[in-house]
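Residue numbers (my numbering), protein chains in the order written: chain A, 1 to 204; chain B, 205 to 408.
Each remark here refers to the structure printed beneath this line.
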DNA sequence: TTTTTTTAATAAACACGTTTACTCAGAAAA
DNA sequence: TTTTCTGAGTAAACGTGTTTATTAAAAAAA
């Protein structure tokens, strides 16, 4: 590692630290690249050299903590209590995590989620990874016999994710909605999804 | 109606027509308010006077057609074929509609969906309306006896919507994904949701 | 009719993300 | 060591959404 590379990494870290604290305190929309540049002691253009655009900087600022929160939730999964309990636990944990700064995570998702072909890949990459994990869990439930064998597990994982992101959206948009209420909402929705809402024998 | 009000409406219409054709042809991101202003023969500031911001203009440009597409789909619902067929029909119709300009509708959703407290209300208002409709349909299925009475229908409607918007997101983000494939994906997901993915007796 | 008030429309300016053209210190080559 | 090359960092400029201050014409009041 040359001296030049060292200082490059250092600069990147300087920017990242400044961005993290400023995004967190003022909100992503209310804090400009110029603000962060001043705080980090670099020029605005330098930030773009290191992070391509503001959204990429936001992703870089937040994704590590999200990853950690997920791992922590995963480590405390009530594996004995069945699929429903496990999934509600994961969702509830993440809801609590995002609740610490709803506004900020709302903007992260807004600026990340509907980009095409994953132009800002960090966040979407992470999601796909997690999705894979869920699919594996469902596959394991199949071998336990609790999930029907004909249920395609990657689609079931997608469904789970769509329901999760849906309720999460409600949570991030609506300041009136408590984490508890959102978790309850998700719990019911998941239950409907697992057991079906049709009367027996009415399946399509 | 005074002469001033008349000309105001006329100006608004001028802007709307220009916006519709330019958004459609160049895409929302690649066409500026200044472009539209020139096309409409007004100043950029006038557009903001009439529409508050670019997103509001985009909403106003598109919402009527979306409404029409939905009504058309609703009018051709295969009501005899059961809930699954009806819902897949609605979703399939809307997918085909959005397929005419995926890029444009992707941006509409991106700029609309994660706004807080419904700052740009047009699109979200519409969604809530449609959600209400779905909830009523599910309620009717209950009285027919095809849906379980203990399934909360507003949450069931939300679920449906989350699954729909999830697959729609896939469609709008991924140019490789065909309408047929997306519809198929949704059909399976909906089936899972209606009948449940758990083995019988394994319900929570 | 004359005066006052309202407001649709606008030009100019502003804010902010991003691009461009350039510099100069450090690495590589001679 | 001297020269050449590379690329991290930047100042200045640009593009574009939005705000501000102003105007003038229509409506209301006198």
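Ideal Cβ positions, reconstructed from N, Cα and C, are used throughout, including at glycine.
C-alpha distance - residue i paired with residue j, whole-angstrom precision
i: residue 318 of chain B; j: residue 107 of chain A; result: 8 Å
i: residue 125 of chain A; j: residue 163 of chain A; result: 19 Å
i: residue 248 of chain B; j: residue 326 of chain B; result: 22 Å
i: residue 38 of chain A; j: residue 49 of chain A; result: 16 Å
i: residue 88 of chain A; j: residue 188 of chain A; result: 10 Å
i: residue 214 of chain B; j: residue 221 of chain B; result: 11 Å
i: residue 67 of chain A; j: residue 52 of chain A; result: 22 Å
i: residue 134 of chain A; j: residue 128 of chain A; result: 10 Å
i: residue 208 of chain B; j: residue 225 of chain B; result: 26 Å
i: residue 314 of chain B; j: residue 321 of chain B; result: 15 Å
i: residue 154 of chain A; j: residue 223 of chain B; result: 41 Å
i: residue 401 of chain B; j: residue 281 of chain B; result: 26 Å
i: residue 25 of chain A; j: residue 65 of chain A; result: 16 Å
i: residue 192 of chain A; j: residue 377 of chain B; result: 28 Å
i: residue 195 of chain A; j: residue 299 of chain B; result: 27 Å
i: residue 387 of chain B; j: residue 140 of chain A; result: 27 Å
i: residue 102 of chain A; j: residue 27 of chain A; result: 10 Å
i: residue 210 of chain B; j: residue 276 of chain B; result: 32 Å
i: residue 385 of chain B; j: residue 350 of chain B; result: 28 Å
i: residue 175 of chain A; j: residue 168 of chain A; result: 12 Å
i: residue 144 of chain A; j: residue 8 of chain A; result: 51 Å
Same chain, Cβ closer than 8 Å to residue i, neighbours up to 5 away in sequence not counted
i: residue 283 of chain B; result: 290
i: residue 148 of chain A; result: 142
i: residue 63 of chain A; result: 122, 123 and 126
i: residue 246 of chain B; result: 215, 218 and 219
i: residue 233 of chain B; result: 311
Where the alpha helix (DSSP H) through residue i begins and ends
i: residue 387 of chain B; result: 383–399
i: residue 254 of chain B; result: 248–255
i: residue 302 of chain B; result: 286–303
i: residue 269 of chain B; result: 258–279
i: residue 106 of chain A; result: 102–113
i: residue 221 of chain B; result: 207–230
i: residue 352 of chain B; result: Element bounds for residue 352 of chain B: n/a, residue is neither H nor E.
i: residue 243 of chain B; result: 237–244
i: residue 170 of chain A; result: 153–173
Top-ranked residue by Cα proximity to residue i, from the options
i: residue 394 of chain B; options: B:220, B:348, B:334 and B:294; result: B:294
i: residue 166 of chain A; options: B:281, B:360, B:235 and B:355; result: B:360
i: residue 93 of chain A; options: A:161, A:47, A:179 and A:40; result: A:179
i: residue 217 of chain B; options: B:233, B:244 and B:388; result: B:244
i: residue 303 of chain B; options: B:288, B:279, B:273 and B:281; result: B:273
i: residue 389 of chain B; options: A:181, A:152 and A:145; result: A:152
i: residue 336 of chain B; options: B:350, B:364, B:301 and B:348; result: B:364
i: residue 74 of chain A; options: A:42, A:137 and A:145; result: A:137
Contacting residues, own chain, Cβ-Cβ under 7 Å from residue i (five flanking each side not counted)
i: residue 324 of chain B; result: 259, 260, 263 and 316
i: residue 381 of chain B; result: 374 and 375
i: residue 23 of chain A; result: 31, 58, 61 and 104
i: residue 239 of chain B; result: 226
i: residue 84 of chain A; result: 190, 191 and 194
i: residue 150 of chain A; result: none
i: residue 130 of chain A; result: 70
i: residue 47 of chain A; result: 15, 33, 36, 37 and 57
Cutoff 6 Å; reference residue i; Cβ partners in own chain excluding five residues on either side
i: residue 362 of chain B; result: none
i: residue 82 of chain A; result: none
i: residue 202 of chain A; result: Unreliable positioning characterises residue 202 of chain A in this predicted model, as indicated by a pLDDT of 39, which lies under 50. The coordinate reading is nonetheless provided below. Excluding sequence neighbours, residue 202 of chain A sits near nothing in its chain.
i: residue 301 of chain B; result: 273
i: residue 2 of chain A; result: none
Any non-hydrogen atom of the ligand ATP within 7 Å of residue i CB
i: residue 328 of chain B; result: Here there are no bound small molecules, and the ligand ATP is not part of this structure.
_Contact residues within the stretch 377–391 of chain B, judged by C-beta distance below 7 Å to chain A_ = Result list: 377 and 389.
*Residues in the stretch 53–79 of chain A with C-beta within 9 Å of chain B's C-beta atoms, listed in sequence order?*
Against chain B - using a Cβ distance shorter than 9 Å - the stretch 53–79 of chain A contributes no residues.
*Interface positions of the stretch 148–165 of chain A facing chain B (Cβ-Cβ less than 8 Å), listed along the chain*: The stretch 148–165 of chain A vs chain B, Cβ under 8 Å: 148, 151, 152, 155, 156, 158, 159, 161, 162, 163 and 165.
*Would you list, in chain order, the members of the stretch 309–320 of chain B that have their beta-carbon closer than 9 Å to a beta-carbon of chain A?*
Listed by position along the chain: 310, 311, 313, 314, 315, 317, 318, 319 and 320.
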